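> After the structure tokens below, expect a handful of questions from me.
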Amino acid sequence: MRSRKLYVFYALIVISILTLNIRFYILQIRHADVYQEKSAKNSIRVITQLPVRGNIFDRQGRLIADNRPSFSLYLIPAQTTSHTLEFVTRLLGLDKEKIRQKLRRAGPFQPVKIARSVRPEILTIMQENILELPGLEWRVEPRRHYNIKNGFAHVLGTLGEVDEQELTRNPEYELGDIVGKKGIEKAADRYLRGRKGFKYVRVDALGRTVEEIKTAKNSPPYPGMDMYLTIDARLQQYADTLFQGKRGALVAIDVTNGEVITMLSKPDYDLEYFVGTIDPQIWQQLISDTTHPLYDRACQSSYPPGSTYKLVAAIAALNENIITPSWSAYCPGYFQIGRKTIRCWNPEGHGTLDLLGAIKHSCNVYFYQLGLKIGIDVWSKYSMLFLFGKKTGIELTNENAGLVPTREYYDKVFGKGKWTRGMLANLAIGQGELLVTPLQLAQFGMIIANKGTYYTPHLILKLVDRITGEEQKPEVQAQVIEGVRPEIYELMHQGMREVVDGGTGWRTNIIGIEVAGKTGTAQNPHGKPHAWFLGFAPFDQPRIAVVVLVENGGSGGGVAAPIAGNYLRKYFYYRGMFDYRREWAILKAIREKQKQQAREDRLRQAQEVPEDG
Amino acid sequence: MAESWLKRIDPWLLIAVFGLIGMGLVALYSSSYPAIQTGKGTNYFMFQVFWVIVGTMVMVLVALVPHRTFFNVSYLFYGISIALLILVLFVGTRGMGATRWLRLGPFNIQPSEIAKVATLMAVARYLSSERININQLRYFLTASLFFLIPFLLIVKQPDLGTSLVFVVMVLPVFYWAGLNTGNLFLIIIPFLTLIASFNYYAFFGVMAILVVYLIYSRRPLRVAIFNFLLNIFIGMITPFLWNQLQPYQKKRILTFANPESDPLGAGYQVIQSMVAIGSGGLTGKGFLQGSQTQLRFLPEQHTDFIFAVIGEEFGFLGVTLGLVLFALLLFRIFRIASLVKSQYFSILSVGIATVIGFHMVINIGMTIGLLPVTGLPLPFISYGGSAMLTNLGMVGMLLNFYRNRFEY
Numbered sequence: 001m002r003s004r005k006l007y008v009f010y011a012l013i014v015i016s017i018l019t020l021n022i023r024f025y026i027l028q029i030r031h032a033d034v035y036q037e038k039s040a041k042n043s044i045r046v047i048t049q050l051p052v053r054g055n056i057f058d059r060q061g062r063l064i065a066d067n068r069p070s071f072s073l074y075l076i077p078a079q080t081t082s083h084t085l086e087f088v089t090r091l092l093g094l095d096k097e098k099i100r101q102k103l104r105r106a107g108p109f110q111p112v113k114i115a116r117s118v119r120p121e122i123l124t125i126m127q128e129n130i131l132e133l134p135g136l137e138w139r140v141e142p143r144r145h146y147n148i149k150n151g152f153a154h155v156l157g158t159l160g161e162v163d164e165q166e167l168t169r170n171p172e173y174e175l176g177d178i179v180g181k182k183g184i185e186k187a188a189d190r191y192l193r194g195r196k197g198f199k200y201v202r203v204d205a206l207g208r209t210v211e212e213i214k215t216a217k218n219s220p221p222y223p224g225m226d227m228y229l230t231i232d233a234r235l236q237q238y239a240d241t242l243f244q245g246k247r248g249a250l251v252a253i254d255v256t257n258g259e260v261i262t263m264l265s266k267p268d269y270d271l272e273y274f275v276g277t278i279d280p281q282i283w284q285q286l287i288s289d290t291t292h293p294l295y296d297r298a299c300q301s302s303y304p305p306g307s308t309y310k311l312v313a314a315i316a317a318l319n320e321n322i323i324t325p326s327w328s329a330y331c332p333g334y335f336q337i338g339r340k341t342i343r344c345w346n347p348e349g350h351g352t353l354d355l356l357g358a359i360k361h362s363c364n365v366y367f368y369q370l371g372l373k374i375g376i377d378v379w380s381k382y383s384m385l386f387l388f389g390k391k392t393g394i395e396l397t398n399e400n401a402g403l404v405p406t407r408e409y410y411d412k413v414f415g416k417g418k419w420t421r422g423m424l425a426n427l428a429i430g431q432g433e434l435l436v437t438p439l440q441l442a443q444f445g446m447i448i449a450n451k452g453t454y455y456t457p458h459l460i461l462k463l464v465d466r467i468t469g470e471e472q473k474p475e476v477q478a479q480v481i482e483g484v485r486p487e488i489y490e491l492m493h494q495g496m497r498e499v500v501d502g503g504t505g506w507r508t509n510i511i512g513i514e515v516a517g518k519t520g521t522a523q524n525p526h527g528k529p530h531a532w533f534l535g536f537a538p539f540d541q542p543r544i545a546v547v548v549l550v551e552n553g554g555s556g557g558g559v560a561a562p563i564a565g566n567y568l569r570k571y572f573y574y575r576g577m578f579d580y581r582r583e584w585a586i587l588k589a590i591r592e593k594q595k596q597q598a599r600e601d602r603l604r605q606a607q608e609v610p611e612d613g
Numbered sequence: 001m002a003e004s005w006l007k008r009i010d011p012w013l014l015i016a017v018f019g020l021i022g023m024g025l026v027a028l029y030s031s032s033y034p035a036i037q038t039g040k041g042t043n044y045f046m047f048q049v050f051w052v053i054v055g056t057m058v059m060v061l062v063a064l065v066p067h068r069t070f071f072n073v074s075y076l077f078y079g080i081s082i083a084l085l086i087l088v089l090f091v092g093t094r095g096m097g098a099t100r101w102l103r104l105g106p107f108n109i110q111p112s113e114i115a116k117v118a119t120l121m122a123v124a125r126y127l128s129s130e131r132i133n134i135n136q137l138r139y140f141l142t143a144s145l146f147f148l149i150p151f152l153l154i155v156k157q158p159d160l161g162t163s164l165v166f167v168v169m170v171l172p173v174f175y176w177a178g179l180n181t182g183n184l185f186l187i188i189i190p191f192l193t194l195i196a197s198f199n200y201y202a203f204f205g206v207m208a209i210l211v212v213y214l215i216y217s218r219r220p221l222r223v224a225i226f227n228f229l230l231n232i233f234i235g236m237i238t239p240f241l242w243n244q245l246q247p248y249q250k251k252r253i254l255t256f257a258n259p260e261s262d263p264l265g266a267g268y269q270v271i272q273s274m275v276a277i278g279s280g281g282l283t284g285k286g287f288l289q290g291s292q293t294q295l296r297f298l299p300e301q302h303t304d305f306i307f308a309v310i311g312e313e314f315g316f317l318g319v320t321l322g323l324v325l326f327a328l329l330l331f332r333i334f335r336i337a338s339l340v341k342s343q344y345f346s347i348l349s350v351g352i353a354t355v356i357g358f359h360m361v362i363n364i365g366m367t368i369g370l371l372p373v374t375g376l377p378l379p380f381i382s383y384g385g386s387a388m389l390t391n392l393g394m395v396g397m398l399l400n401f402y403r404n405r406f407e408y
């Protein structure tokens, strides 16, 4: 009896042991590779090592932006206690619930970055309490540091954490990356960013690094390229001082190669605001500011160009043989078109003017009539010939193309035959639907100065590999505006010289350098007119084209021209072509002479009185 | 003299037991290695060495006592263990949501461990009596009562895993004591009903088998009707019982069905254990080289999941050796059960084999994802003083029985 039952038990033992052993066979022999991979993934973690972002220099190697170490705080979800969360969020002023959600989304041992650029005093408090703060970690990460800030906010632009859109557009980006958000930092991000390094480490179940693994897959980070801008930092900063309390832009282009020497937009903001996490209060202030300090006026905004655009109408009329330079018109101070009367800026009228006179005195009535003679199609053709209505192709990504209205445009907006000749008259003096950016106008200045030759305006002078020292320069080739006769450019030069030499732009005059230019005072619905100045210098051998815009500044000759003058003074001073002392001496002499003249006049009057008496 | 002394001990039993203890110590050394190296954390290895030494002394002592002693103290021992189980409900130490331990100076004793042996001894004594026929209902119920009392007390703690041991012990012991196959079937069928009751069709299948058997076996009508109604009743109250389970118990059973459903919660342990074992491959990663073990991905690695440590570091070969040792141990115990003249020894041996075998199957089955996580330790291998002393005490009894195998 016992022995039969014994075999039942023996069988049970064999069955159970075999069942278990078969299961072990399946796990350890059949599927060993699957579990080995899982096990390896369990304990091996790839640590990303951030590269140092490239430094930014000006054209002469002055350091504008480099990198400094900063501390980022991380929490490891599995180890973070509610006390840690409470303590850290209170100290940093973060939203506890948001951080809690962030932690929940991450893996239990995956460190979650909760703050960048933590202030040293806060870090010290954390370090003192680290024993009571399980799950808290910090890492040293490079962050942007600005050596020169004034005037550079819009050109450089800001850095920030990559967003969803950028992630999908650029497969190289990863969540949490710091990338260029605006300006040249964004445009040249792929050069500046460098390449991440990867380090394989073995971690325990708590995510602590146990050892570094030596494998061929380890790679050190490769620093981003250093970037030399075409901008001259001294001039950029100087231009910044010229715009104290004003809104507007200044763009200066080297006409011999298209290098942008200065590109300023005011108002701007402190670049430091955007290093680390921006204070929400400051952010709120910036975006609700009615002067829009985050907007780059130099190339992102477009404006009616005002009288500076009369040059386009003049070139079109001459080149199409519609008029000769001696064609004249009479300005009584107003112009009647249909039932509407449009006024010239000078209510007393300019009298009879030829083309050069009309440019010099910026006579609106002359150009109204000229505009009517040219017609919309020729006007649009020449506007586009001089590259208005399309982007200049500067590196910046937020460039505005402006707007050149055409016959089709008007037909579409107002309906066929519903628009009037008055609109065309308006276009000829740079008003109406026409919109240009200061950068486009500066490019136009370069084309005029070079008599048709131009280079794509650019901001990157060269890129230097920090390891190999290899240099990379953008290729900029001379391009030519075809079909405009050289003598027409000559005539424009002459006209523009006269504008500065005794015309509406006389305030740009500088002693020793011949400047040519054109003022503009653009009416707009936002208040006082925009003040414009477009010019180049020196007259005989142009070197630089400059555009000044002062938003709602008033008259071009009164507000924009002196800014351009001061800027050019500084520019030529640095080139050794202008001497402040000489100008002062001459100005002093002139003033002395004027005083003496006045004295003599008074004396003569005094002498004349008795004769009368 | 020496030869006769040697003949009186079972060498294979000792080889199996100390082979397993040796494996356990190796695994514990490995899982305590970080603590040994850094001096921080609990060095379970050293504690276990201590328990093995004490346990071996207990084993020798038990092996040497006069063989009638066990029979004589059976009821007393049972009474004491029940008293301890009641005591633990009032003054026990809480841990992991249950009250299982009694503090005794520096040690924590787990009365449920002692109760396993005591219950077996008491039942064995009762059943070994000549006039007891287990196939008669009143004797059957009386004998069952011996299991039921500690079972209920342990369920109350609650310790589902250990209480299950008292359920499982019933069958082999009764079967060995003479329960006939038909009655065995009637005992098993309610458990099948219990499992089947979660599924409509399975439940009716089991009921059909029962009805066929009842008609075929020509049992008295009242017996047939009673059994039929009993099973219907069980099938109906099971959903109610399910709701009585602790949430963590439900979770364990549900997670067992699909460990990936909760990879960071209850399923985490099983997944990590399977990864540890699977990644060991044929020969393992090597002693102290298991990343799952050394880097603490493997949870409860000194108690519940210690077999995964062996699986990871010594691979399929190490695991097979362990299973062979367990098989050898169980074969030897059943051989002792069949050799001894005393019916008391024989029944007690089968009980001991059942306890050890059940623990082994449940624990190892759990580490490889075959069975739900119940928290039963692996005999001779898992860390734990009470279990080690009880298990070695049982081995001492077996040695004693073997020594006195010709005694009635």
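Chain order of the listed sequences is A and B.
In terms of the working numbering, the first sequence opens at residue 1 and continues consecutively.
In terms of the working numbering, the second sequence opens at residue 1 and continues consecutively.
By construction, the Cβ of each residue, glycine as well, lies at the ideal position given by its N, Cα and C atoms.
Quick caveat, the model's predicted, so the values are computed rather than measured.
Buried or exposed for B/F146, going by 16 or more other Cβ atoms inside 10 Å?
The sequence position of residue 146 of chain B within the second sequence is 146, counting from 1. Label assigned to B/F146: buried.
> For A/L6, go through chain B and note every residue whose CB falls closer than 7 Å to its CB, in chain order.
Mapped onto the first sequence, residue 6 of chain A falls at position 6. The answer, in chain order, is F334, S338.
> Is A/V550 helix, strand or coil when you go by DSSP?
Position 550 of the first sequence holds residue 550 of chain A. Reduced to three states, the DSSP call for A/V550 is strand.
> I want to verify the contact list: residues of chain A whose CB lies under 7 Å from the CB of B/M366, in sequence order.
Translated into the one-based positions of the second sequence, residue 366 of chain B becomes position 366. The premise fails here: B/M366 is roughly 11 Å from chain A at the closest Cβ pair, so nothing lies under 7 Å.
> Just list the residues that DSSP pairs A/K266 with in beta bridges.
The residue you call residue 266 of chain A lines up with position 266 of the first sequence. Partner(s): A/G248.
> Hey, quick one: how far does the alpha helix (DSSP H) through B/N227 stretch, first residue to last?
On the second sequence, residue 227 of chain B is found 227 positions in, with the first residue counted as 1. 221 to 244 is the extent of the alpha helix (DSSP H) around B/N227.
> Below 9 Å between beta carbons is the criterion; list the residues of the segment 28 to 39 of chain B that meet it against any residue of chain A, in chain order.
Within the segment 28 to 39 of chain B, the qualifying residues are P34.
> Out of curiosity, what's the CA-to-CA distance linking B/L323 and B/L210?
Taking the second sequence and counting its residues from 1, one reaches residue 323 of chain B at position 323. Taking the second sequence and counting its residues from 1, one reaches residue 210 of chain B at position 210. Distance between the alpha carbons of B/L323 and B/L210: 36 Å.
> With a 10 Å radius around its C-beta and 16 neighbouring C-beta atoms as the bar for buried, classify B/Y126 as buried or exposed.
Indexing the second sequence from 1 puts residue 126 of chain B at position 126. B/Y126 is buried by the Cβ-count criterion.
> Helix, strand or coil, according to DSSP, for A/T521 in the structure here?
If you number the first sequence from 1, residue 521 of chain A lands on position 521. Looking at A/T521 - three-state DSSP - the assignment turns out to be strand.
> Classify A/Q300: buried if its beta carbon has 16 or more other beta carbons within 10 angstroms, exposed otherwise.
As a working note, residue 300 of chain A is residue 300 in the first sequence. Buried, since its Cβ has 16 or more Cβ neighbours within 10 Å.
> Below 8 Å on the Cβ atoms is my guess for B/M397 versus B/W51; work out the distance and round it to an integer in Å.
One-based indexing of the second sequence puts residue 397 of chain B at position 397. One-based indexing of the second sequence puts residue 51 of chain B at position 51. B/M397 to B/W51, Cβ: 18 Å. No contact.
> List the residues of chain B that A/A32 touches, going by C-beta distances under 8 Å, in chain order.
In the first sequence, the residue the question calls residue 32 of chain A occupies position 32. Within 8 Å Cβ-Cβ: G278, S279, G280, G281, L282.
> What in chain A is Cβ-close to B/Y44, meaning under 8 Å?
Residue numbering aside, residue 44 of chain B sits at position 44 when the second sequence is read from its first letter. Within 8 Å Cβ-Cβ: nothing; B/Y44 doesn't reach chain A, min ~17 Å.
> Could you check the C-alpha separation between A/I253 and A/P457 for me, to the nearest Å?
Taking the first sequence and counting its residues from 1, the one referred to as residue 253 of chain A is at position 253. Taking the first sequence and counting its residues from 1, the one referred to as residue 457 of chain A is at position 457. About 7 Å.
> Please report the distance separating the alpha-carbon of A/D612 from that of A/R604.
For the purposes of this step, residue 612 of chain A is identified with residue 612 of the first sequence, where counting begins at 1. For the purposes of this step, residue 604 of chain A is identified with residue 604 of the first sequence, where counting begins at 1. Low confidence applies to A/D612: its pLDDT is 46, below 50, so where it sits in the model is not reliable, and the reading given next is rough at best. Whole-angstrom Cα-Cα distance: 13 Å.
> Less than 6 Å between C-beta atoms, sequence neighbours within five positions excluded: which residues of the same chain meet that for A/V365?
For the purposes of this step, residue 365 of chain A is identified with residue 365 of the first sequence, where counting begins at 1. Here the set comprises C331, F335, C344.
> Grab the span of the beta strand (DSSP E) containing A/D240 for me, first residue to last.
Start at 1 with the first residue of the first sequence, and residue 240 of chain A comes out as number 240. Not the beta strand (DSSP E): A/D240 falls in the alpha helix (DSSP H), residues 233 to 242.
> Between the alpha carbons of B/Q244 and B/V65, how many angstroms are there, rounded?
Within the second sequence, the letter at position 244 stands for residue 244 of chain B. Within the second sequence, the letter at position 65 stands for residue 65 of chain B. Each residue's alpha carbon lies about 45 Å from the other.
> Taking all protein chains shown into account, do 16 or more other C-beta atoms lie within 10 angstroms of the C-beta of A/V436, making it buried, or fewer, making it exposed?
Counting from 1 along the first sequence, the entry for residue 436 of chain A is found at position 436. It counts as buried.
> Of all the CB atoms in chain B, is at least one closer than 8 Å to the CB of A/T35?
Along the first sequence, read from residue 1 onward, the residue named residue 35 of chain A stands at position 35. Reading off the sequence, residue 35 of chain A comes out as Tyr, not Thr. It does; some Cβ of chain B falls within 8 Å.
> In three-state terms, what does DSSP make of B/M23?
Reading the second sequence from its first residue, position 23 is the one you call residue 23 of chain B. If DSSP states are grouped into helix, strand and coil, B/M23 belongs with the helices.
> Pairs of beta-carbons, one from the segment 553 to 570 of chain A and one from the segment 462 to 475 of chain A, closer than 8 Å: are there three or more?
Contact between the segment 553 to 570 of chain A and the segment 462 to 475 of chain A is absent, because fewer than three Cβ pairs lie under 8 Å.
> Classify A/T168: buried if its beta carbon has 16 or more other beta carbons within 10 angstroms, exposed otherwise.
What you label residue 168 of chain A is simply residue 168 of the first sequence in a count that begins at 1. Exposed is the call here.
> I need the straight-line Cα distance from A/A216 to A/V179, nearest angstrom please.
Taking the first residue of the first sequence as 1, we reach residue 216 of chain A at position 216. Taking the first residue of the first sequence as 1, we reach residue 179 of chain A at position 179. Answer to the nearest angstrom: the Cα atoms are 28 Å apart.
> Please decide whether A/L27 counts as near chain B, where near means a Cβ-Cβ distance under 8 Å.
As a first step, residue 27 of chain A is located in the first sequence; it is residue number 27 there, counting from the start. Yes, because at least one Cβ of chain B sits closer than 8 Å to the Cβ of A/L27.
> Which partner residues does A/M227 have in the DSSP bridge list?
To locate residue 227 of chain A, count along the first sequence from 1; it is residue 227. In DSSP, A/M227 forms a bridge with A/I56, A/L463.
> Where A/R62 and A/K595 are concerned, what is the direct C-alpha to C-alpha distance, given to the nearest angstrom?
Residue numbering aside, residue 62 of chain A sits at position 62 when the first sequence is read from its first letter. Residue numbering aside, residue 595 of chain A sits at position 595 when the first sequence is read from its first letter. Going from the Cα of A/R62 to the Cα of A/K595 covers about 45 Å.
> For B/S279, tell me which candidate among A/I29, A/L6, A/I13 has the shortest Cα-Cα distance.
Position 279 of the second sequence, counted from the first residue, corresponds to residue 279 of chain B. Minimum Cα distance to B/S279 is reached at A/I29.
> Are the Cβ atoms of A/G54 and A/D232 separated by less than 8 Å?
Taking the first residue of the first sequence as position 1, residue 54 of chain A is located at position 54. Taking the first residue of the first sequence as position 1, residue 232 of chain A is located at position 232. Not in contact: A/G54 and A/D232 (Cβ atoms no closer than 8 Å).
> Have a look at the DSSP bridge pairing and note the partners of B/W101.
Numbered from its first residue, the second sequence carries residue 101 of chain B at position 101. Paired residues: B/T93.
> With DSSP run on the structure shown, which of helix, strand or coil describes A/F198?
Residue numbering aside, residue 198 of chain A sits at position 198 when the first sequence is read from its first letter. In this structure, A/F198 counts as strand in the three-state DSSP scheme.
> What number of angstroms, rounded off, separates the C-alpha of B/G393 from the C-alpha of B/G22?
As a first step, residue 393 of chain B must be located in the second sequence, where it is residue number 393. As a first step, residue 22 of chain B must be located in the second sequence, where it is residue number 22. Cα to Cα, the separation comes out at about 17 Å.
> Within 10 angstroms of the Cβ of B/L61, are there 16 or more other Cβ atoms? Answer buried if so, exposed if not.
Residue 61 of chain B sits at position 61 when you count from the first residue of the second sequence. With fewer than 16 Cβ atoms within 10 Å of its Cβ, B/L61 is classed as exposed.
> Name the chain A residues that come within less than 8 Å of B/G327, Cβ to Cβ?
Walking along the second sequence from the start, residue 327 of chain B turns up at place 327. Sequence check: residue 327 of chain B is Ala here, not Gly. Neighbours of B/A327 on chain A, chain order: I13, V14, I17.
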